[in-house]
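Trainee: Can you keep this structure in mind? I'll have questions shortly.
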Amino acid sequence: MGSPQQPKKRVAFVLIDGLGDVSIPGFGYKTPLQAANVPNLDAIASAGVNGLMDPVEVGLGCGSDTAHLSLLGYDPRVYYRGRGAFESMGAGLAMSPGDIAFKSNFATYDEKNGIVTSRRADRHFEEEGPILCAALDRMKLPSFPEYEVRVRYATEHRCGVVVKGPRLSGNISGTDPLKDNRLLLEAKALDDTDEARHTAAVVNELSREISKILVSHPLNAKRLAEGKNVANIVLLRGCGIRIEVPPFEKKHGLWPCMVAPTKIIAGLGLSLDIDILEAPGATGDYRTLLTSKATAIAKALSAPLQSCPGVFVPGEDEHKPGRSDGYDFGFLHIKAIDDAGHDKASVFKVKGLEAVDQAIGQLAKLLWQAESTGNFQYFLCITGDHSTPVEYGDHSFEPVPFTMCRLKDFVGAVGGESILLETSLDPFPLPTVKAGEDLNEDSSLEKGGKFKQVQAFCGDSVFEFNDIAAARGCLGRFPGGEMMGIIKRKSPNALEEEPPAEGPYSGYLVITDEDAEEQDTFCFGACKRKAVEKLPFPQDKMLNVVHSSDVEETMVTRVWFIPVLDQPLSSNRYYVIRAKGRNKGLACTSSRELDTKLCCFFNDVISDEKPKPFDHRNVYQEFRIHRHHRHSFFAKSVATDSIPPKFLRKNGWELRISRSYRLKLNEALGLDSALRTRLPSFNFPMYSKKSPSVIVGTWYCPFIFVREKCRIRRQMRKSLFYTMTLEQWWQQIHTCDNEDDEQNVVKKCSQKRREIGGCWFELSNNGENEMVTRGRRVA
1 MGSPQQPKKR VAFVLIDGLG DVSIPGFGYK TPLQAANVPN LDAIASAGVN GLMDPVEVGL
61 GCGSDTAHLS LLGYDPRVYY RGRGAFESMG AGLAMSPGDI AFKSNFATYD EKNGIVTSRR
121 ADRHFEEEGP ILCAALDRMK LPSFPEYEVR VRYATEHRCG VVVKGPRLSG NISGTDPLKD
181 NRLLLEAKAL DDTDEARHTA AVVNELSREI SKILVSHPLN AKRLAEGKNV ANIVLLRGCG
241 IRIEVPPFEK KHGLWPCMVA PTKIIAGLGL SLDIDILEAP GATGDYRTLL TSKATAIAKA
301 LSAPLQSCPG VFVPGEDEHK PGRSDGYDFG FLHIKAIDDA GHDKASVFKV KGLEAVDQAI
361 GQLAKLLWQA ESTGNFQYFL CITGDHSTPV EYGDHSFEPV PFTMCRLKDF VGAVGGESIL
421 LETSLDPFPL PTVKAGEDLN EDSSLEKGGK FKQVQAFCGD SVFEFNDIAA ARGCLGRFPG
481 GEMMGIIKRK SPNALEEEPP AEGPYSGYLV ITDEDAEEQD TFCFGACKRK AVEKLPFPQD
541 KMLNVVHSSD VEETMVTRVW FIPVLDQPLS SNRYYVIRAK GRNKGLACTS SRELDTKLCC
601 FFNDVISDEK PKPFDHRNVY QEFRIHRHHR HSFFAKSVAT DSIPPKFLRK NGWELRISRS
661 YRLKLNEALG LDSALRTRLP SFNFPMYSKK SPSVIVGTWY CPFIFVREKC RIRRQMRKSL
721 FYTMTLEQWW QQIHTCDNED DEQNVVKKCS QKRREIGGCW FELSNNGENE MVTRGRRVA
């Protein structure tokens, strides 16, 4: 009988474009996220892990394209070739190697003085935009008839423009001045090549010919008569070629899909071979239907339980069906929040975030219905691609909050399954709030409805999702290029499923029989450098916990980190055993919060609990280790009502190797599957009552799990590791005489859990009587 099928692990990733912001005086110096009532986002933060993320690097105010590349694991410094190709492919224009493309805006241009008076002719351009794009599509360039021009409407005031032909280069500037009331620019070569200079000449003629067609178009005459901005120029920027990168699935081992009506994001996804899903009513602006987006992602992540949505293919009118087995990584992009930042609509950003929170609740409900079947296990991940402060109206360099949790932990945080299932799945529009409006008196400046604060599977003390609270998260502050690594460590292909590092003692330490009900595996990680820079920590070395500061004396504490029993390695839970001094061999123990005292300056004073004899049942001796920055750590107590010793709880300690023990340990492979299935030999004399044993597994056990009749300090001097073996043999447990002289009768033995029954015959020396012995295999 086969083992039950494990649920498929899948990630629902929600990216809120322009999420980050700054404190706003009108909101009582709160950020929009702090001002918004977002109970579902708060529940995810409460149930999971949190941190602050710089999408590309600290201090860089990046665009959505470079940010998305970085977040998805592709260094924009290496792969970025301009955003034009992304916009055009997302708009439906197929691109081949050698083609160039532009991210383009319909704009208003004063022909007399050459000034672009408005870079965005009209955000609500959904009806006129396709008409004007059709007029420009396949236009001819008088001086360059060999080139083909394709134009396709994207969203709002945006369109994609592709130029096909020989000798084209992506190393040219654009015509967009990037600010209103500035001169229209001419494209120029950015390198000293004939191809770049030739391409600049082609693009400048393209810009002039586009303006001629638009100026004479009757639609613009109508807009002028109605007092609207005319769309008489297309600004060309971000010249780019289609990038050649490893597909997302090959790079990360996850089948990806994306819902992104915003064309530049869809085009970026297509460049990474990510399937772009259809979501009816999703527009990528203020009019979008968030419920439709959430439903599309939920269906894609729960296939084949539900039918997967269709997939968009650029250059083809018919869309292909989605992956029948579903997807492992569902990317949901929400653009409207970024638009609110650009429009300086502070109230809309707050109300829009509340609408996004409602959609996330719908997504969670749909996924929970699928997870309840036992076929799936889901993870929720929420973040942004950059900050778009409403006070500035443009992208800035502030980091964005990041949070992630298991769906089942989220369900507990919102109050249980019954509460989640009350979530309505009815579609709802985004709020219609204009720039300059004030929040109502009953607004979300005073939040309510706190959810139950649950302990996460690898969590921290953050219970709200916002720009300020995320700074206290266990993930610290990290660059966007590390995001996919964090997601993969805490969801599909988690640490406990990854192979251990290569090197001495890097195999798994098997604590229990793998054929038993539970399996506990711990890693002996090899560490060749002086400093230990990442988890898991090595166990064959004494380690120094080092606190260094410019104003304080460097403090060093020598310890062993031993993985906690009954926990997977990815939990990062350790016992911390003192390795030197009078407390050598004793386990560090957390102090209880009830023991906190008040000093004369009304500050809490924490008295560290003295190390105690190791007891694996004492949860106060368990610590969860978190990364603080790239090469430093901090610890939290597993017991929720306790505080670790100062040298562990203080943020930013480093771990250095104090002594590397030259242990003569042979390779310990744990259980040998081939030997495990082989029965011990039957050829042994009857009087021995037991067959020779067969060793079917070997590993090493840390000293704290073995107790000899001596003090622990002396035991540590004798051996830091004990060789452990798993043996099996035949053993006589019952005998009886066979009273039938003619037939050999064997009494069948009953099999019990974790025992394998077996029988054999053994004739007596005189051959007159036959002895029947039942045996069992001891494991």
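Residue numbers (UniProt numbering): 1 to 779. Virtual Cβ for every residue (Gly too), placed ideally from N, Cα, C.
For K8 and R323, what's the separation of their Cα atoms in angstroms?
Mentor: By 1-based counting over the sequence shown, the position of residue 8 is 8. By 1-based counting over the sequence shown, the position of residue 323 is 323. Straight-line Cα distance between these residues: approximately 15 angstroms.
Trainee: Given H198, which residues of its chain have a CB within under 7 angstroms of its CB, disregarding the five upstream and five downstream residues?
Mentor: Counted from its first residue, the sequence shown places residue 198 at position 198. The answer, listed in chain order, is R167.
Trainee: Where L219 and A36 are concerned, what is the direct C-alpha to C-alpha distance, given to the nearest angstrom?
Mentor: For the purposes of this step, residue 219 is taken as residue 219 along the sequence shown, with counting starting at 1. For the purposes of this step, residue 36 is taken as residue 36 along the sequence shown, with counting starting at 1. CA-to-CA, the gap between L219 and A36 works out to about 41 angstroms.
Trainee: Whose C-beta lies closer than 6 angstroms to the C-beta of S70 among residues of the same chain, with five residues either side of it excluded?
Mentor: Taking the sequence shown and counting its residues from 1, the one referred to as residue 70 is at position 70. So the list reads P55, V56, P76, G480, G481, once near-sequence residues are dropped.
Trainee: So, for G238: in the same chain, excluding its five sequence neighbours on each side, which residues have a beta-carbon less than 7 angstroms away from its beta-carbon?
Mentor: Numbered from 1 along the sequence shown, position 238 holds the residue referred to as residue 238. G82, R83, G84, F102, K103, G174, listed in sequence order.
Trainee: DSSP state of G28, grouped into three classes?
Mentor: The residue labelled residue 28 in the question sits at position 28 within the sequence shown. Looking at G28 - three-state DSSP - the assignment turns out to be coil, as it is neither helix nor strand.
Trainee: Distance check for Q5 and L380, CA to CA, integer angstroms please.
Mentor: Along the sequence shown, read from residue 1 onward, the residue named residue 380 stands at position 380. Along the sequence shown, read from residue 1 onward, the residue named residue 5 stands at position 5. Near 22 angstroms, if we compare the C-alpha coordinates of Q5 and L380.
Trainee: Could you check which residue in E209, D122, S207, G652 has the C-alpha nearest to that of D343?
Mentor: Here residue 343 refers to the residue found at position 343 when the sequence shown is read from its first residue. Cα-wise, what sits closest to D343 is D122.
Trainee: Report the three-state DSSP secondary structure of L565 (helix, strand or coil).
Mentor: Numbered from its first residue, the sequence shown carries residue 565 at position 565. L565: coil per DSSP, three-state reduction.
Trainee: So what does T108 bridge to, in DSSP terms?
Mentor: Position 108 of the sequence shown, counted from the start, is the residue given in the question as residue 108. In DSSP, T108 forms a bridge with S118.
Trainee: Just to confirm the assignment, what range does the alpha helix (DSSP H) spanning G476 have?
Mentor: By 1-based counting over the sequence shown, the position of residue 476 is 476. Run containing G476: none; DSSP gives neither H nor E here.
Trainee: Using the C-alpha atoms, what's the distance from S169 back to G236?
Mentor: Here the question's residue 236 lines up with position 236 in the sequence shown. Here the question's residue 169 lines up with position 169 in the sequence shown. The amino acid at residue 236 is misidentified as Gly; the sequence shows Leu. Taking the straight line joining both Cα atoms gives about 15 angstroms.
Trainee: With M724 as the anchor, note down where its beta strand (DSSP E) starts and where it stops.
Mentor: As a working mapping, residue 724 is identified with position 724 in the sequence shown. That run of the beta strand (DSSP E) goes 721 to 728.
Trainee: Using three-state DSSP, classify L33 as helix, strand or coil.
Mentor: Along the sequence shown, one-based indexing puts residue 33 at 33. L33: helix per DSSP, three-state reduction.
Trainee: Helix, strand or coil for G73 per DSSP?
Mentor: In the sequence shown, counting from the first residue as 1, residue 73 sits at position 73. G73 falls in the coil class under three-state DSSP.
Trainee: If you follow the beta strand (DSSP E) that N50 is in, where does it begin and where does it stop?
Mentor: In the sequence shown, residue 50 corresponds to position 50, counting from 1. It spans 49 to 54 - the beta strand (DSSP E) in which N50 sits, taken as one unbroken run.
Trainee: With a threshold of 6 angstroms on Cβ separation, who are the neighbours of F684 within its own chain once the five nearest residues in sequence on each side are excluded?
Mentor: Position 684 of the sequence shown, counted from the first residue, corresponds to residue 684. For F684, where only same-chain residues beyond five positions count, the Cβ hits under 6 angstroms are S691.
Trainee: I'd like to know whether the C-beta atoms of G92 and G160 end up nearer to each other than 9 angstroms.
Mentor: Indexing the sequence shown from 1 puts residue 92 at position 92. Indexing the sequence shown from 1 puts residue 160 at position 160. Using a Cβ distance threshold of 9 angstroms, G92 and G160 count as a contacting pair.
Trainee: Measure the CB-CB distance between F537 and I419 and report whether it falls below 9 angstroms.
Mentor: Here residue 537 refers to the residue found at position 537 of the sequence shown. Here residue 419 refers to the residue found at position 419 of the sequence shown. Taking 9 angstroms as the Cβ cut-off, F537 and I419 do not qualify as a contacting pair.
Trainee: Measuring alpha carbon to alpha carbon, tell me which residue in Q621, A413, K636 is nearest L41.
Mentor: As a first step, residue 41 must be located in the sequence shown, where it is residue number 41. Among Q621, A413, K636, the Cα nearest to that of L41 is on A413.
Trainee: Tell me whether the beta-carbon of G63 lies closer than 9 angstroms to the beta-carbon of G384.
Mentor: Here residue 63 corresponds to residue number 63 of the sequence shown, with the count starting at 1. Here residue 384 corresponds to residue number 384 of the sequence shown, with the count starting at 1. In this structure, G384 does not lie closer than 9 angstroms to G63 by Cβ.
Trainee: Determine the direct distance from the alpha carbon of C710 to that of T512, and round the result to whole angstroms.
Mentor: Locating residue 512 in the sequence shown gives position 512, where the first residue counts as 1. Locating residue 710 in the sequence shown gives position 710, where the first residue counts as 1. Any reading at T512 must be qualified, since the residue scores a pLDDT of 31, below 50, and its modelled position is unreliable; the value itself is stated next. Roughly 26 angstroms between the two C-alpha positions.
Trainee: The beta strand (DSSP E) spanning R152 covers which residue range?
Mentor: Stepping through the sequence shown from its first residue, residue 152 is reached at position 152. Where R152 is concerned, the enclosing beta strand (DSSP E) stretches over 148 to 153.
Trainee: Can you give me the start and stop residues for the alpha helix (DSSP H) that V203 sits inside?
Mentor: Numbered from its first residue, the sequence shown carries residue 203 at position 203. Counting along the chain, the alpha helix (DSSP H) containing V203 begins and ends at 194 to 215.
Trainee: By DSSP's criteria, Y392 is part of a beta bridge. Which residues make up the other side?
Mentor: Here residue 392 refers to the residue found at position 392 when the sequence shown is read from its first residue. Paired residues: none, contrary to the question.
Trainee: Out of G393, D285, F647, P261, point me to the one whose CA is closest to H547's CA.
Mentor: Taking the first residue of the sequence shown as position 1, residue 547 is located at position 547. Taking only the C-alpha atoms, the option nearest H547 is F647.
Trainee: Given that a residue counts as buried once 16 or more other Cβ atoms are within 10 Å of its Cβ, and exposed if not, what is D328?
Mentor: The residue given as residue 328 occupies position 328 in the sequence shown. When all chains shown are included, D328 counts as buried.
Trainee: Which word fits G253, buried or exposed, when buried means at least 16 other C-beta atoms lie within 10 angstroms of its C-beta?
Mentor: Locating residue 253 in the sequence shown gives position 253, counting from the first residue. Looking at its Cβ environment, which holds fewer than 16 other Cβ atoms inside 10 Å, G253 is exposed.
Trainee: Mind checking K250: buried by the 16 CB within 10 Å criterion, or exposed?
Mentor: What you label residue 250 is simply residue 250 of the sequence shown in a count that begins at 1. Exposed, by the Cβ-count rule.
Trainee: For Q306, which of helix, strand or coil comes out of DSSP?
Mentor: As a first step, residue 306 must be located in the sequence shown, where it is residue number 306. Q306: coil per DSSP, three-state reduction.
Trainee: Do F27 and I487 have their beta-carbon atoms positioned less than 9 angstroms apart in this structure?
Mentor: If you number the sequence shown from 1, residue 487 lands on position 487. If you number the sequence shown from 1, residue 27 lands on position 27. Taking 9 angstroms as the Cβ cut-off, I487 and F27 do not qualify as a contacting pair.
Trainee: Thinking N263 and E127 are a contact (beta carbons under 8 angstroms), I'd like their distance in whole angstroms, please.
Mentor: Within the sequence shown, the letter at position 263 stands for residue 263. Within the sequence shown, the letter at position 127 stands for residue 127. Checking the sequence shown, residue 263 turns out to be Lys, not Asn. Going by Cβ atoms, the distance from K263 to E127 rounds to 17 angstroms, so no, they are not a contact pair.
Trainee: How big is the Cα-Cα spacing for M555 and L655?
Mentor: Your numbering for residue 555 matches position 555 in the sequence shown. Your numbering for residue 655 matches position 655 in the sequence shown. When rounded, the separation of the alpha-carbon atoms in M555 and L655 is 12 angstroms.
Trainee: Whose CA, out of E156, F144, K140, R158, lies closest to the CA of R150?
Mentor: As a first step, residue 150 is located in the sequence shown; it is residue number 150 there, counting from the start. Measuring from the Cα of R150, the nearest candidate turns out to be K140.
Trainee: Is it buried or exposed, F561, if we count other Cβ atoms within 10 angstroms and call 16 or more buried?
Mentor: As a working mapping, residue 561 is identified with position 561 in the sequence shown. Buried, because 16 or more other Cβ atoms sit within 10 Å of the Cβ of F561.
Trainee: Could you tell me whether the region 211 to 225 touches the region 289 to 300, where touching means 3 or more Cβ pairs closer than 8 angstroms?
Mentor: no
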